[in-house]
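Heads up, the thing below is written out as structure tokens.
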Amino acid sequence: MLAILKAQDVGKAYESGLIFKKQHIVLQGITLAVNEGKTLGLMGVSGSGKTTLGMMLAGLERPTSGRVLFAGKDLASMRGPEFLAFRRQVQMVFQDPEGSLNPRKSIEKSIHEVLSLLKIPPREWRDRTGEILETVGLSEELLCRYPAQISGGQCQRLALGRVLLLQPTVIILDEPTSALDISVQAQILNLLRDLQRDLGLAYLLISHQPEVIRFMAHETIILESERTLEEKAKRRWI
Amino acid sequence: MNSPQIINAPLLLIKGLSVSFETPLGRVKAAEDVCLEMQDGETLALVGETGCGKSVVAGAIMQLLPHNACVQGRAIFGGRDLLGLDEREMARIRGSEISIVFQNPSLALNPIMRVGEQIAEMLRVHKNISRNRSLRMAEDMLRRLGMVEKEKARMYPFQFSGGMNQRVMIATSMILSPRIIIADEPSKGLDGTLAREVMAEMASIKDQMGASLLLITHDLMLAKDVSDRMAVMYCGEIVEIGKSREIFSNPLHPYTIALLGCLPERGFQPIPGSSPSMINPPIGCKFHPRCQQCREKCRRKQKMTKVEGRREVPGKDECTDREVRCWLY
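Residue numbers (this note's numbering), protein chains in the order written: chain U, 462 to 699; chain V, 6 to 334.
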């Protein structure tokens, strides 16, 4: 199995104080690997640094120690177009679906924004929009609406659709269903599993719900405050 | 012949409650023909997906809905219709007779007022108790909710976690020993273990006070653990009411069956389709476009029907007050 995204002895610390600097260690010595086409579950209590780790793996935060490797290459050594290509390959879906979308842009404009950044010719936008809506199970009727006019589940599907337009290989899912109802949670989790099967996506699934991890993950990492305490095969752990 | 049943007058009787909102997009029918009753000391859970109208029911009872709301029906409490009371009478009832715990404690609490003061304010306004005594009573209430250090009462909401703020909200709602506590999504924003701890503390104090609890939640497992009876709501209507354990072991309405199928222990089976618009809801049974057992009849409106429940005690037939809004029964 090929590890597409790796963290090697990664740590993160923040400094506070103007004169007397104080260091707060959030993560220390984390090593993990996300394999191609598989789901790695990341569990931990609130404040254990799950989201910070996800942000570092997505290249949105820099680790203060250790290395993050994508397809064997250190993120710190990537520059310009290479880093941009990495950012397309590794995408992140956040907990609050409404907060991930611009409230002043209609659903159609939110999708077109991504297509324009991808430099897709405008004549193809309509077809590409239709395709992506179908993939995530949304109706074209929603295109003229704004994020506040659609449900949380529809927002999360849209956030996922925008991510899929970039054709990533890894998606970091940061509590993707914790703000959703149980019925919508079931829909999104099943959709994620179907997409993984059809598109061969790799997921890093961050969650504090053991049942969600049990349903989705092939392997699981448990974070406790400040460092990973144990890594076990999913079956052994659950 | 069956012996006549002695039926106690319910503590709260909601009859034919309908709430709609005028919006630029049209008329939103948030609650339709809601009928509920609560007995003394009972915990009733109102469950359903976000946006199905649960909080609207609570807001209507407490007359806390915005001005564009059109409320019809009755909510009888202590022989009086709450929906017909003026603001002055309602202000007397809010807090002292019926209190509400809102879903977002960080927004519901005053950020520039110490938590002890916020709890004590209730005693000063409603019971005219002196500042010092009311503060001592507030500290005592916080202690009962597990916040034992005295200095906690002198802290501000931003110094507390979500769970601690939720406890402050619960203390505020219970300090006047109301007869009914409405808890609107008390577990929202709290992780599973903390939510259960907070609810257990709330249930224990509620039992000590002999109050009734109307628990509004979309967390089905929490509702099952805490409540005596459960009402399942879909798109503004109650579709099933019964004892919580019975609804879990033998759900009758196709929506209840589908909703329970979404639970992790039942394999996250999604409900096909999505919740309908509350502006143009489907005609007849509102669940019929998503229902696997839909028939022609389902396009016609169905009323709540009493269904004989399962036998609970071996060798003894028990009326279970199970009601379902479905043509199948």
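Here a beta-carbon is modelled for each residue, glycine too, at the ideal position from N, C-alpha and C.
Return the Cβ separation of residue i and residue j in integer angstroms, given the expectation that the two are a contact with Cβ distance under 8 Å.
| i | j | result |
| --- | --- | --- |
| serine 249 of chain V | alanine 228 of chain V | 7 Å |
| serine 232 of chain V | glutamate 54 of chain V | That pair is no contact at about 17 Å. |
| phenylalanine 292 of chain V | valine 237 of chain V | So it is not a contact: roughly 11 Å between Cβ atoms. |
| glycine 396 of chain V | lysine 34 of chain V | The structure shown does not extend to residue 396 of chain V, since chain V spans only 6 to 334, so no value can be given for it. |
| leucine 603 of chain U | isoleucine 593 of chain U | Not quite, the Cβ-Cβ distance comes to about 12 Å (not below 8 Å), so this is no contact. |
| serine 139 of chain V | alanine 125 of chain V | 4 Å |
| valine 631 of chain U | leucine 530 of chain U | In fact, because the Cβ distance is near 12 Å, the residues do not count as touching under 8 Å. |
Which residues of chain U have a Cβ atom closer than 8 Å to the Cβ of residue i, listed in chain order?
| i | result |
| --- | --- |
| serine 280 of chain V | Ser612 |
| histidine 223 of chain V | Asp642, Ile643 |
Taking C-alpha atoms, which residue in the options lies nearest to residue i?
| i | options | result |
| --- | --- | --- |
| aspartate 86 of chain V | V:Met238, V:Lys291, V:Gly100, V:Gln68 | V:Gln68 |
| leucine 627 of chain U | U:Met539, U:Lys580, U:Pro558 | U:Lys580 |
| leucine 514 of chain U | U:Ala494, U:Ala532, U:Gly533, U:Lys499 | U:Ala494 |
| cysteine 299 of chain V | V:Asp212, V:Ser279, V:His258, V:Pro269 | V:His258 |
| leucine 666 of chain U | U:Arg589, U:Lys482, U:Phe555 | U:Phe555 |
| isoleucine 66 of chain V | V:Pro116, V:Ala80, V:Cys57, V:Arg159 | V:Ala80 |
| arginine 304 of chain V | V:Cys331, V:Met283, V:Val312, V:Lys311 | V:Cys331 |
| aspartate 224 of chain V | U:Phe676, U:Met677, U:Gln646 | U:Gln646 |
| phenylalanine 82 of chain V | V:Ala63, V:Leu70, V:Ile103, V:Arg93 | V:Ile103 |
| aspartate 212 of chain V | V:Pro183, V:Ile252, V:Val173 | V:Pro183 |
| methionine 43 of chain V | V:Val24, V:Pro277, V:Gly100, V:Ile186 | V:Ile186 |
| glutamine 714 of chain U | U:Gln615, U:His679, U:Ile674 | Past the edges of chain U, shown from 462 to 699, lies residue 714 of chain U, and the structure says nothing about it. |
| proline 294 of chain V | V:Ile284, V:Ile276, V:Ser139, V:Gly89 | V:Ile276 |
| glutamate 202 of chain V | V:Leu333, V:Asp230, V:Ser60 | V:Asp230 |
| glutamate 94 of chain V | V:Ala74, V:Leu114, V:Gly278, V:His131 | V:His131 |
Can you tell me whether residue i is helix, strand or coil according to DSSP?
| i | result |
| --- | --- |
| arginine 138 of chain V | helix |
| asparagine 73 of chain V | coil |
| histidine 258 of chain V | coil |
| glycine 622 of chain U | helix |
| valine 153 of chain V | coil |
| glutamine 489 of chain U | strand |
| aspartate 233 of chain V | coil |
| glutamate 251 of chain V | helix |
| alanine 640 of chain U | coil |
| leucine 30 of chain V | coil |
| cysteine 40 of chain V | strand |
| alanine 143 of chain V | helix |
| glutamate 47 of chain V | coil |
| isoleucine 19 of chain V | strand |
| valine 506 of chain U | coil |
| glutamine 552 of chain U | strand |
| glutamine 213 of chain V | helix |
| glutamate 328 of chain V | strand |
| leucine 521 of chain U | coil |
| glutamine 274 of chain V | coil |
| phenylalanine 547 of chain U | helix |
| threonine 596 of chain U | helix |
| glycine 591 of chain U | helix |
| glutamine 469 of chain U | strand |
| glutamine 108 of chain V | coil |
| glycine 100 of chain V | coil |
Measuring straight from C-alpha to C-alpha, what distance separates residue i and residue j?
| i | j | result |
| --- | --- | --- |
| serine 567 of chain U | methionine 118 of chain V | 40 Å |
| alanine 176 of chain V | leucine 18 of chain V | 26 Å |
| glutamate 156 of chain V | alanine 188 of chain V | 27 Å |
| methionine 516 of chain U | tyrosine 664 of chain U | 14 Å |
| methionine 235 of chain V | glutamate 313 of chain V | 16 Å |
| glutamate 144 of chain V | glycine 121 of chain V | 7 Å |
| isoleucine 105 of chain V | glutamate 27 of chain V | 25 Å |
| serine 668 of chain U | threonine 512 of chain U | 10 Å |
| glycine 56 of chain V | lysine 483 of chain U | 45 Å |
| aspartate 38 of chain V | leucine 88 of chain V | 15 Å |
| leucine 578 of chain U | glutamine 617 of chain U | 21 Å |
| valine 506 of chain U | serine 166 of chain V | 14 Å |
| alanine 216 of chain V | valine 624 of chain U | 49 Å |
| glutamate 680 of chain U | threonine 500 of chain U | 7 Å |
| arginine 658 of chain U | leucine 652 of chain U | 10 Å |
Residues of chain V with CB under 9 Å from residue i, in chain order?
| i | result |
| --- | --- |
| asparagine 563 of chain U | Within 9 Å Cβ-Cβ: nothing; asparagine 563 of chain U doesn't reach chain V, min ~21 Å. |
| phenylalanine 676 of chain U | Pro269, Gly272, Phe273 |
What in chain V is Cβ-close to residue i, meaning under 7 Å?
| i | result |
| --- | --- |
| glutamine 556 of chain U | Here the premise fails: no neighbours, minimum Cβ distance about 11 Å. |
| glutamate 574 of chain U | In chain order: nothing, as chain V lies at least about 24 Å away. |
| leucine 650 of chain U | Phe273 |
| glutamate 672 of chain U | Pro269 |
Along chain U, which residues have their Cβ under 7 Å away from the Cβ of residue i?
| i | result |
| --- | --- |
| glutamine 274 of chain V | Ala647 |
In chain V, what lies closer than 8 Å to residue i by C-beta?
| i | result |
| --- | --- |
| serine 644 of chain U | Glu54, Ala263, Leu264, Cys267, Pro275, Ile276 |
Cβ-heavy atom distance between residue i and the ligand SAM below 7 Å?
| i | result |
| --- | --- |
| aspartate 224 of chain V | Ligands displayed in this structure: none; no statement on the ligand SAM is therefore possible. |
Within the 8 Å Cβ cut-off, does residue i reach chain B?
| i | result |
| --- | --- |
| arginine 658 of chain U | Going by chain labels, chain B is absent from the structure shown, which instead holds the protein chains U and V. |
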